[in-house]
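Chains G and Y, in that order, give the protein sequences.
Quick note on our numbering: the first sequence kicks off at 8 and runs consecutively.
Quick note on our numbering: the second sequence kicks off at 565 and runs consecutively.
Let me begin by presenting the structure, written as structure tokens, before commenting on it.
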Amino acid sequence: MDWFKKAKSGLTGKEKKEIPDGLWSKCPECGEIIYTKQLEESLWVCPNCEYHFRIPSHKYIRMILDNGELQEYDVDLESKDPLRFKDSKKYPDRIKAAQAKSGLKDAVKAGIGKIDSIDVSFAIMEFSFVGGSMGSVVGEKIARAIERAIEREIPLILVSCSGGARMQEGILSLMQMAKTSALLAVLAGKKIPFISVLTNPTTAGVMASYASLGDVIIAEPKALLGFAGPRVIQQTIGQDLPEGFQSSEFFLEKGFLDKIVNRSQLRETLILLLKYFQR
Amino acid sequence: MEERQILDFEKPIVELQKKISDMKDFASGANLELTGEIKSLESKVDKMRKEIFSGLTRWQKVLLARHPRRPYTLDYINYMTTDFIELHGDRYFADDKAIVGGFAKLDGKPVMIVGQQKGRDTKQKLYRNFGMPHPEGYRKALRLFKLAEKFNKPIVILVDTPGAFPGIGAEERGQAEAIARNLREMSILRVPIVIVVIGEGASGGALGIAVGDRVYMLQYSWYSVISPEGCAAILWRDNAFAPQAAEALKLTADDLMDLKIIDKIIDEPPGGAHNDPEGIAATVKSEILAVLTELEQLSVDDLLRQRLEKFRKLGVYQE
Ligand SMILES: [Zn+2]
Chain G
8 MDWFKKAKSG
18 LTGKEKKEIP
28 DGLWSKCPEC
38 GEIIYTKQLE
48 ESLWVCPNCE
58 YHFRIPSHKY
68 IRMILDNGEL
78 QEYDVDLESK
88 DPLRFKDSKK
98 YPDRIKAAQA
108 KSGLKDAVKA
118 GIGKIDSIDV
128 SFAIMEFSFV
138 GGSMGSVVGE
148 KIARAIERAI
158 EREIPLILVS
168 CSGGARMQEG
178 ILSLMQMAKT
188 SALLAVLAGK
198 KIPFISVLTN
208 PTTAGVMASY
218 ASLGDVIIAE
228 PKALLGFAGP
238 RVIQQTIGQD
248 LPEGFQSSEF
258 FLEKGFLDKI
268 VNRSQLRETL
278 ILLLKYFQR
Chain Y
565 MEERQILDFE
575 KPIVELQKKI
585 SDMKDFASGA
595 NLELTGEIKS
605 LESKVDKMRK
615 EIFSGLTRWQ
625 KVLLARHPRR
635 PYTLDYINYM
645 TTDFIELHGD
655 RYFADDKAIV
665 GGFAKLDGKP
675 VMIVGQQKGR
685 DTKQKLYRNF
695 GMPHPEGYRK
705 ALRLFKLAEK
715 FNKPIVILVD
725 TPGAFPGIGA
735 EERGQAEAIA
745 RNLREMSILR
755 VPIVIVVIGE
765 GASGGALGIA
775 VGDRVYMLQY
785 SWYSVISPEG
795 CAAILWRDNA
805 FAPQAAEALK
815 LTADDLMDLK
825 IIDKIIDEPP
835 GGAHNDPEGI
845 AATVKSEILA
855 VLTELEQLSV
865 DDLLRQRLEK
875 FRKLGVYQE
């Protein structure tokens, strides 16, 4: 990694500004300028401070599943506009924009994959799609992922990345919390393992439902985890929040997390756990 | 009656009511016969109230749900039940005053009754943390639900919260975990569960005690994924847009009936529950008793299957 540090020190302030997007990336945590190809190789973890860059769902699929393959289900599930919701934008326009940007129909991919040849029902959320928010489509796809785990008697792995329930579907979004949690009670009753993986951020409605209900809950380092958003808490109590509040490390310390796992160790950790869960 | 305890749209009604009561006082004092005048004013009040209340906006209904004189959980318990024995504490950390609960009898029928509790005056508001529970509140509720299950008593839940409390202690003690656990565990409690939203049903803070076999709403209560203020702050970047957010969120009892989320709307007395707390409590009680009789006909397996199905089917999407 020596060449890399040299590259950084060789840059002047002016040159830094002219770094073309894509070739070099700046770590938002420590400011390190990193060769993007190097960052890609390190699974988008800053080699200097271990900051975990947010990465799209397909990169996790490639990283975690055998051959990077997910046999996707329910790809055509699409949001409707039951509330005819409108703020500065109409909800259907928001969805269309998010679909165009992401190439996805909504904020989760779900299906069947293998991890070290073990079949798993797998779902992963996509933050770039309306903040990974959970409306009817996310709730339904998670529900079906749970049901696939139940039907096939295979472990369930949910990778969360979400700001919470989707406001634009109002009460229907809230009800997805109850729907998914109720199905997890069935799953638990059948003694089928569920590993919940939390990435940055996992908060509000998702954290207060399935993400908190894993047999084992693991998180990437320094993710924002919690119920209420930090800004809301700050405004409510009228004081600054303690350093590291609502981080993965805080969650671990308070007893709501089994383990913090570096992205490079994620697949290995899942394999180890899945083997322990085998009967 | 303090001025601030009257909502703007209630003012003309309250003023006319005062005029009637003054006239009655005057008539009896001066030994005058004013029955005709009084009668016509009374019918004018009724007409005015009907007019105002049939045209309420969603935001005005939110204000009614938050009316400072609206009956709260303990008022219902007081009016509806006998032999209430309040049970305290989650056995892990503390007793959360924002959630109350215990055994009680409805027309002699033993139930477990649990609900969020708001305070009436400043001191009580603080004591009850404005009806905003901490994790220990949700854990106390679950303890009481399991107690009911253990001794085969049906569960009655009254929902009235502006939200689960967003604070440092709440996060440290796992607000999200406490709510999530309740959602999962309540879905498999082996006794009938009836939920009535009596005031505010804000987000996970409400849902955390609102998974059950029947969900009813009072006519002027609201229930949504976020409060109008919270929604306005995020989507309009200004709390002042709460009325617009309330419209957009479709959060009234009528809306939730249309969206097939709730099972029934319980009509309130003219002018809202605060005009006749005893009356509305009697109505709520008879609704609860009627539905419990119905639910108790079901086998436990059927009860649980129907409860799961009730929540499983919620969602609107296309494929
Ligand atoms: Zn860094």
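Even for Gly, the Cβ is constructed at its ideal location relative to N, Cα and C.
In this text the structure is predicted, and so the values were computed from the model without any measurement.
Residues of chain G with CB closer than 9 Å to the CB of residue i, please, in chain order.
{"i": "Y:V775", "result": "A185, S188, A189"}
{"i": "Y:G738", "result": "S219, F234, F258, K261, G262, F263"}
{"i": "Y:A728", "result": "A215, F234, A235"}
{"i": "Y:I762", "result": "In chain order: nothing, as chain G lies at least about 17 Å away."}
Quick one: which chain G residues come within Cβ less than 7 Å of residue i?
{"i": "Y:Q882", "result": "E85, K87"}
{"i": "Y:L878", "result": "L179, M182, K186"}
{"i": "Y:F617", "result": "Neighbours of Y:F617 on chain G: none; closest Cβ ~23 Å, over 7 Å."}
{"i": "Y:Y787", "result": "I178"}
{"i": "Y:I884", "result": "Nothing about residue 884 of chain Y can be reported from this structure: the residues present for chain Y run from 565 to 883 only."}
Could you tell me which chain Y residues have their CB closer than 9 Å to the CB of residue i, listed as they occur along the chain?
{"i": "G:I102", "result": "Per Cβ cutoff of 9 Å: no residues; G:I102 is ~11 Å from chain Y at best."}
{"i": "G:D81", "result": "E883"}
What in chain Y is Cβ-close to residue i, meaning under 7 Å?
{"i": "G:T206", "result": "Within 7 Å Cβ-Cβ: nothing; G:T206 doesn't reach chain Y, min ~15 Å."}
{"i": "G:K93", "result": "A812"}
{"i": "G:A130", "result": "Those within 7 Å of G:A130 in chain Y number zero; the least Cβ separation is about 15 Å."}
{"i": "G:G146", "result": "G879"}
Is any heavy atom of ligand 1 found at a distance shorter than 7 Å from the C-beta of residue i?
{"i": "G:E256", "result": "no"}
{"i": "G:N55", "result": "yes"}
{"i": "G:Y58", "result": "yes"}
{"i": "G:E227", "result": "no"}
{"i": "G:E39", "result": "yes"}
{"i": "G:E48", "result": "no"}
{"i": "G:C168", "result": "no"}
{"i": "G:E36", "result": "yes"}
Since residue i contacts residue j with CB under 8 Å, what's their CB separation in whole angstroms?
{"i": "Y:I829", "j": "Y:M781", "result": "6 Å"}
{"i": "G:L77", "j": "G:F134", "result": "Incorrect: roughly 17 Å between the Cβ atoms, too far for contact."}
{"i": "Y:G879", "j": "G:K186", "result": "7 Å"}
{"i": "Y:S767", "j": "Y:I790", "result": "5 Å"}
{"i": "G:R151", "j": "G:Y80", "result": "7 Å"}
{"i": "Y:L856", "j": "Y:L867", "result": "So it is not a contact: roughly 12 Å between Cβ atoms."}
{"i": "G:M184", "j": "G:G221", "result": "Actually they do not touch by this definition, with Cβ atoms about 15 Å apart."}
{"i": "Y:A812", "j": "G:F92", "result": "5 Å"}
{"i": "G:D113", "j": "G:E85", "result": "7 Å"}
{"i": "Y:P792", "j": "Y:A810", "result": "4 Å"}
Thinking just about the alpha-carbon of each residue, which of the options is nearest to the one in residue i?
{"i": "Y:P699", "options": "Y:A728, Y:Q688, Y:I790, Y:P576", "result": "Y:A728"}
{"i": "Y:P726", "options": "G:D73, G:T243, G:Y80, G:V268", "result": "G:T243"}
{"i": "G:V45", "options": "G:E36, G:C37, G:G29, G:P35", "result": "The amino acid at residue 45 of chain G is misidentified as Val; the sequence shows Gln. It is G:G29."}
{"i": "G:T209", "options": "G:G245, G:I131, G:K103", "result": "G:I131"}
{"i": "Y:G836", "options": "Y:R876, Y:I790, Y:Y784", "result": "Y:Y784"}
{"i": "Y:V864", "options": "Y:Q808, Y:P674, Y:P756", "result": "Y:P756"}
{"i": "Y:I852", "options": "Y:I790, Y:L823, Y:I762, Y:D819", "result": "Y:I762"}
{"i": "G:S143", "options": "G:D73, G:K87, G:L205", "result": "G:K87"}
{"i": "Y:M612", "options": "Y:N746, Y:P576, Y:A591", "result": "Y:P576"}
{"i": "Y:L627", "options": "Y:A796, Y:L820, Y:T857, Y:W786", "result": "Y:W786"}
{"i": "G:A293", "options": "G:L72, G:M141, G:E176", "result": "Residue 293 of chain G lies beyond the residue range present for chain G, which begins at 8 and ends at 286; the question has no answer from this structure."}
{"i": "Y:R778", "options": "Y:N595, Y:R622, Y:I798, Y:V723", "result": "Y:V723"}
{"i": "G:G146", "options": "G:K229, G:A156, G:L163, G:M182", "result": "G:M182"}
{"i": "G:G75", "options": "G:P35, G:R286, G:R274", "result": "G:R274"}
{"i": "G:G196", "options": "G:A156, G:K229, G:V166, G:P228", "result": "G:A156"}
{"i": "Y:D671", "options": "Y:N642, Y:Q681, Y:K608", "result": "Y:N642"}
{"i": "Y:R655", "options": "Y:K704, Y:L690, Y:K625, Y:W623", "result": "Y:K704"}
{"i": "G:Q285", "options": "G:S180, G:E160, G:G118", "result": "G:E160"}
{"i": "Y:R876", "options": "G:R69, G:R270, G:P35, G:S180", "result": "G:S180"}
{"i": "G:I164", "options": "G:K121, G:G139, G:V193", "result": "G:K121"}
{"i": "Y:Y636", "options": "Y:K682, Y:K669, Y:F694, Y:S788", "result": "Y:K682"}
Give me the chain Y residues within the contact set of residue i, using Cβ-Cβ distance strictly less than 8 Å, ordered along the chain.
{"i": "G:M70", "result": "Here the premise fails: no neighbours, minimum Cβ distance about 26 Å."}
{"i": "G:Q253", "result": "E735"}
{"i": "G:L165", "result": "Under the 8 Å cutoff, chain Y gives no residues; its nearest Cβ is about 13 Å from G:L165."}
Check the Cβ of residue i against every Cβ in chain G and list those closer than 8 Å, keeping chain order.
{"i": "Y:R692", "result": "What Y:R692 touches in chain G: nothing, since even the nearest Cβ is about 16 Å away."}
{"i": "Y:F667", "result": "Those do not exist, as Y:F667 stays about 25 Å from chain G at its closest Cβ, beyond 8 Å."}
Open item on the list: For the pair the region 772 to 783 of chain Y and the region 689 to 709 of chain Y, tell me if three or more CB-CB distances fall below 8 Å.
Closed with: yes
- [ ] Give a yes or no on contact between the region 802 to 811 of chain Y and the region 637 to 650 of chain Y, applying the rule of three or more CB pairs nearer than 8 Å.
- [x] Between the region 802 to 811 of chain Y and the region 637 to 650 of chain Y, the count of Cβ pairs shorter than 8 Å is below three; the stretches do not touch.
Open item on the list: Across the region 653 to 670 of chain Y and the region 612 to 629 of chain Y, are there enough close Cβ pairs to call them in contact, namely three or more that are closer than 8 Å?
Closed with: no
Open item on the list: Under 8 Å: do the region 81 to 100 of chain G and the region 54 to 63 of chain G share three or more Cβ pairs, one atom per stretch?
Closed with: no
Open item on the list: Taking contact to mean 3 or more Cβ pairs, one atom from each stretch, closer than 8 Å, check whether the region 570 to 580 of chain Y and the region 256 to 265 of chain G are in contact.
Closed with: Cβ pair count under 8 Å is below three, so no.
- [ ] Determine, using beta-carbon pairs with one atom in the region 167 to 174 of chain G and one in the region 237 to 256 of chain G, whether at least three such pairs fall under 8 Å.
- [x] By the C-beta criterion, the region 167 to 174 of chain G is judged not to be in contact with the region 237 to 256 of chain G, since fewer than 3 inter-stretch pairs fall below 8 Å.
TODO: Assess, as a yes-or-no matter, whether the region 854 to 872 of chain Y is touched by the region 745 to 757 of chain Y under the definition of 3 or more beta carbon pairs within less than 8 Å.
DONE: With the cut-off at 8 Å, the region 745 to 757 of chain Y and the region 854 to 872 of chain Y touch.
Open item on the list: Does the structure place the region 266 to 281 of chain G close enough to the region 195 to 205 of chain G that three or more beta carbon pairs sit under 8 Å?
Closed with: Yes, since at least three Cβ pairs between the region 195 to 205 of chain G and the region 266 to 281 of chain G fall closer than 8 Å, the two stretches touch.
Task: Cβ contact check for the region 734 to 749 of chain Y and the region 221 to 237 of chain G: 3 or more pairs under 8 Å - done: yes
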